[in-house]
Amino acid sequence: MVPIYALPDHEVVGRLLPGRFDALVPDDLAVERVRTAPGLIPAAIEPDQSVEGGGRVYWVDIGTHPYRDWQHLFTIERLAQAEMIETAFATSMAVLQVEDLIPNALTPSGFIFHTSRCGSTLMGKALARVPEHCVVNQGGPLQRGFWAALTDEWSRDLPDDASSVQMFRNLVFALTRPRLGTETTSFVKFISWNTLYLDFIAGAFPEVHSLFLFRDPLEVIASVIKETTAVLVAKDWPQASFLSAKTQDEVHKMDDVTYLAHCYDNYFKVILESSLANVKALDYHNLKSGTFGEVLKSGFAFAPDEQVIAEMCTQFRFHSKDDSDTSTFQSDRSVKQAAIAAEDRIRIERITAAQLGSLQAASKTLFGDEISGSRGAVY
Numbered sequence: 002m003v004p005i006y007a008l009p010d011h012e013v014v015g016r017l018l019p020g021r022f023d024a025l026v027p028d029d030l031a032v033e034r035v036r037t038a039p040g041l042i043p044a045a046i047e048p049d050q051s052v053e054g055g056g057r058v059y060w061v062d063i064g065t066h067p068y069r070d071w072q073h074l075f076t077i078e079r080l081a082q083a084e085m086i087e088t089a090f091a092t093s094m095a096v097l098q099v100e101d102l103i104p105n106a107l108t109p110s111g112f113i114f115h116t117s118r119c120g121s122t123l124m125g126k127a128l129a130r131v132p133e134h135c136v137v138n139q140g141g142p143l144q145r146g147f148w149a150a151l152t153d154e155w156s157r158d159l160p161d162d163a164s165s166v167q168m169f170r171n172l173v174f175a176l177t178r179p180r181l182g183t184e185t186t187s188f189v190k191f192i193s194w195n196t197l198y199l200d201f202i203a204g205a206f207p208e209v210h211s212l213f214l215f216r217d218p219l220e221v222i223a224s225v226i227k228e229t230t231a232v233l234v235a236k237d238w239p240q241a242s243f244l245s246a247k248t249q250d251e252v253h254k255m256d257d258v259t260y261l262a263h264c265y266d267n268y269f270k271v272i273l274e275s276s277l278a279n280v281k282a283l284d285y286h287n288l289k290s291g292t293f294g295e296v297l298k299s300g301f302a303f304a305p306d307e308q309v310i311a312e313m314c315t316q317f318r319f320h321s322k323d324d325s326d327t328s329t330f331q332s333d334r335s336v337k338q339a340a341i342a343a344e345d346r347i348r349i350e351r352i353t354a355a356q357l358g359s360l361q362a363a364s365k366t367l368f369g370d371e372i373s374g375s376r377g378a379v380y
């Protein structure tokens with residue numbers, strides 16, 4: 002069974018709350034609702050070029066329930082299954098073009114990008130241990146829907162006009178809105194392939210610092226092949242050509258390992274070629290409790306006091322994908338390295354080794370090319 006985080010967001014939310022998004026609420030009424038109900042967040046976007054703005058936004062009211070699950074969609078799933086979502090409706094994406102849509106919006110203190118299975122969940126959950134932090138771990142509509150709507154399922158380039166930027170900013174502000182009333186800081190962790198839209202995202206929020214977490218693709222692919230990922234699910238879709246920087250014909254001839262290697266190499270290329278001063282990178286094996294304070298300071302220009310850092314570092318003791326804090330961390334690096342067949346290892350290294358090495362040694366990478374074997378989350 003494909004996990005919900007690998008599926009199109011509107012399909013997941015539509016199944017969780019069937020029939021709730023069939024009709025569109027008029028834009029003026031929807032804007033009033035969104036502005037006056039702080040519990041309303043965008044749960045998904047359904048691409049639909051017949052609707053103004055290019056799609057439908059699925060809104061749900063989750064009240065003051067905090068984001069504590071390691072995936073944003075898991076929070077929606079948990080509340081939907083418990084029948085705790087009373088208000089849910091759909092609007093056109095044009096609603097996201099309205100200025101000042103979200104009252105008291107929080108400008109994020111950091112954006113987390115990553116290759117997948119490389120410590121991003123650990124970082125997000127560590128940040129979320131502080132009650133005043135609103136941390137969105139791969140927000141539903143940013144999983145796929147927003148990008149699919151603006152590109153018409155990757156049949157055209159992502160527009161970077163003022164309207165598209167406004168919609169993206171409002172989407173982020175709506176996801177991170179202070180629903181409890183005590184939030185002072187927000188962070189957004191994107192799905193891995195959103196790295197390819199780094200320039201658009203950073204351009205929409207030029208004041209926000211971004212950190213790209215990466216790991217040896219050998220270890221990433223060993224995990225992804227076992228558990229799957231949205232990138233792999235998309236292999237048969239037009240999106241795959243965008244992800245891998247290869248033609249659809251080339252992708253169709255690739256096995257899964259080769260395809261994934263090209264996707265991750267494409268991420269590395271985007272980060273290496275970025276001239277943005279606010280973009281830093283971090284090797285997974287340098288993400289440790291002992292370095293976390295420096296990572297936050299250098300990666301996000303975020304410097305909480307030692308007590309807050311200690312509170313966040315509690316997460317390093319636990320498996321980051323166990324929301325109950327009962328599974329402790331055990332390093333799996335050697336297991337993942339051993340899981341890759343010799344012929345796959347050769348192909349992966351041939352495709353990714355050069356840019357991986359360049360990224361490890363790049364000036365934008367925290368701690369230079371230092372590699373350490375101890376860390377805190379199983380991937």
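Take the sequence shown: its position 71, counted from the start at 1, is 72 in our numbering, and no numbers get skipped. The beta carbon of each residue, even a glycine, is placed where N, CA and C say it ideally should be.
Open item on the list: Just to confirm before moving on: does the CB-CB distance between residue 341 and residue 223 stay below 8 Å?
Closed with: Numbered from its first residue, the sequence shown carries residue 341 at position 340. Numbered from its first residue, the sequence shown carries residue 223 at position 222. Result yes, Cβ atoms of residue 341 and residue 223 sit closer than 8 Å.
Open item on the list: Can you look up residue 59 in the DSSP assignment and give me helix, strand or coil?
Closed with: Taking the first residue of the sequence shown as 1, we reach residue 59 at position 58. Correct three-state label for residue 59: strand.
- [ ] For residue 360, collect the residues of the same chain with a Cβ closer than 7 Å to its Cβ; drop the 5 residues on either side in sequence, then sort them by chain order.
- [x] Here the question's residue 360 lines up with position 359 in the sequence shown. Around residue 360: 215, 269, 272, 273, 282 and 366.
Task: Contacting residues, own chain, Cβ-Cβ under 6 Å from residue 18 (five flanking each side not counted) - done: Here residue 18 refers to the residue found at position 17 of the sequence shown. Result list for residue 18: 81 and 89, in chain order.
Task: Residue environment, residue 267, which counts as buried when at least 16 other CB atoms sit within 10 Å - done: What you label residue 267 is simply residue 266 of the sequence shown in a count that begins at 1. Residue 267 should be labelled buried.
Task: Buried or exposed by the 16-neighbour rule on C-beta atoms within 10 Å, applied to residue 362 - done: If you number the sequence shown from 1, residue 362 lands on position 361. Answer is exposed; the Cβ neighbour count stays below 16.
Task: According to DSSP, residues forming a beta bridge with residue 115 - done: Residue numbering aside, residue 115 sits at position 114 when the sequence shown is read from its first letter. Answer is 214, bridged to residue 115.
- [ ] Please state if the CB of residue 120 and the CB of residue 288 are separated by a distance shorter than 8 Å.
- [x] Here residue 288 is taken as the residue at index 287 of the sequence shown, counted from 1. Here residue 120 is taken as the residue at index 119 of the sequence shown, counted from 1. Contact flag set, yes.
Task: Beta-carbon gap between residue 91 and residue 169 smaller than 8 Å - done: Your numbering for residue 91 matches position 90 in the sequence shown. Your numbering for residue 169 matches position 168 in the sequence shown. For residue 91 and residue 169, no; Cβs fall outside 8 Å.
- [ ] Using the Cα positions of residue 201 and residue 161, report the straight-line distance between them to the nearest angstrom.
- [x] Looking up residue 201 in the sequence shown gives position 200. Looking up residue 161 in the sequence shown gives position 160. Approximately 7 Å between the Cα atoms of the pair.
Open item on the list: Looking at the strands, I want to know which residues DSSP matches up with residue 134.
Closed with: The count along the sequence shown starts at 1 and reaches residue 134 at position 133. Answer is 186, bridged to residue 134.
TODO: Could you pull out every residue in the same chain whose Cβ sits closer than 6 Å to the Cβ of residue 127, ignoring the five residues on either side in sequence?
DONE: Within the sequence shown, residue 127 is the residue found at index 126, counting from 1. Cβ neighbours of residue 127 beyond the five flanking positions: 313 and 316.
Task: Simplified DSSP assignment, three categories, for residue 281 - done: Reading the sequence shown from its first residue, position 280 is the one you call residue 281. Of the three classes helix, strand and coil, the one that applies to residue 281 here is strand, per DSSP.
Open item on the list: residue 225 and residue 261 - do their beta-carbons sit closer together than 8 Å?
Closed with: For this step, residue 261 is matched to residue 260 along the sequence shown. For this step, residue 225 is matched to residue 224 along the sequence shown. Going by C-beta atoms, residue 261 is nearer than 8 Å to residue 225.
Open item on the list: Quick check on this structure: which residue in 212, 237 and 301 has the alpha carbon closest to the alpha carbon of residue 116?
Closed with: Taking the sequence shown and counting its residues from 1, one reaches residue 116 at position 115. The shortest C-alpha separation from residue 116 is found at 212.
Open item on the list: Pairs of beta-carbons, one from the segment 32-46 and one from the segment 101-110, closer than 8 Å: are there three or more?
Closed with: yes
TODO: Could you pull the start and end residues of the alpha helix (DSSP H) that residue 359 belongs to?
DONE: Against the sequence shown, residue 359 aligns to sequence position 358. Looking at the DSSP string, the run of the alpha helix (DSSP H) that includes residue 359 is 343-362.
Open item on the list: Taking 7 Å as the cut-off, is the beta-carbon of residue 214 closer than that to any non-hydrogen atom of the ligand NAP?
Closed with: The ligand NAP is not among the ligands present in this structure, which contains no ligands whatsoever.
Open item on the list: Is the separation between the beta-carbon of residue 258 and that of residue 348 shorter than 8 Å?
Closed with: As a first step, residue 258 must be located in the sequence shown, where it is residue number 257. As a first step, residue 348 must be located in the sequence shown, where it is residue number 347. Taking 8 Å as the Cβ cut-off, residue 258 and residue 348 qualify as a contacting pair.
Open item on the list: With distance defined between alpha-carbon atoms, name the residue in 131, 368, 150 and 264 nearest to residue 292.
Closed with: The residue you call residue 292 lines up with position 291 of the sequence shown. When only C-alpha atoms are compared, the closest one is 368.
TODO: Put residue 301 into one of helix, strand or coil per three-state DSSP.
DONE: Along the sequence shown, one-based indexing puts residue 301 at 300. Three-state result, residue 301: helix.
TODO: Report all residues from its chain with a CB closer than 7 Å to the CB of residue 2; omit the five preceding and five following residues, and keep chain order.
DONE: To locate residue 2, count along the sequence shown from 1; it is residue 1. Excluding residues within five positions, none has a Cβ falling inside 7 Å.
- [ ] To the nearest angstrom, report how far apart residue 122 and residue 358 are at their CA atoms.
- [x] By one-based count along the sequence shown, residue 122 stands at place 121. By one-based count along the sequence shown, residue 358 stands at place 357. Roughly 24 Å between the two C-alpha positions.
Task: Proximity winner among 46, 255 and 300, relative to residue 284 (alpha-carbon distances) - done: Here residue 284 corresponds to residue number 283 of the sequence shown, with the count starting at 1. Considering only alpha carbons, the answer is 300.
Task: Spatially closest choice to residue 156 from 189, 198, 196 and 239, by CA coordinates - done: As a first step, residue 156 is located in the sequence shown; it is residue number 155 there, counting from the start. With distances taken between Cα atoms, residue 156 lies closest to 239.
- [ ] Count the other C-beta atoms from every protein chain shown that fall within 10 angstroms of the C-beta of residue 253, then say buried if there are 16 or more, exposed otherwise.
- [x] Within the sequence shown, numbered from 1, the residue matching residue 253 stands at position 252. Counting Cβ neighbours within 10 Å, residue 253 comes out exposed, since fewer than 16 surround it.
- [ ] Could you name the residues of the same chain whose beta carbon sits closer than 8 Å to that of residue 229, not counting the 5 residues immediately before and after it, in chain order?
- [x] Your numbering for residue 229 matches position 228 in the sequence shown. Taken in chain order, the residues that qualify are 3, 4 and 7.
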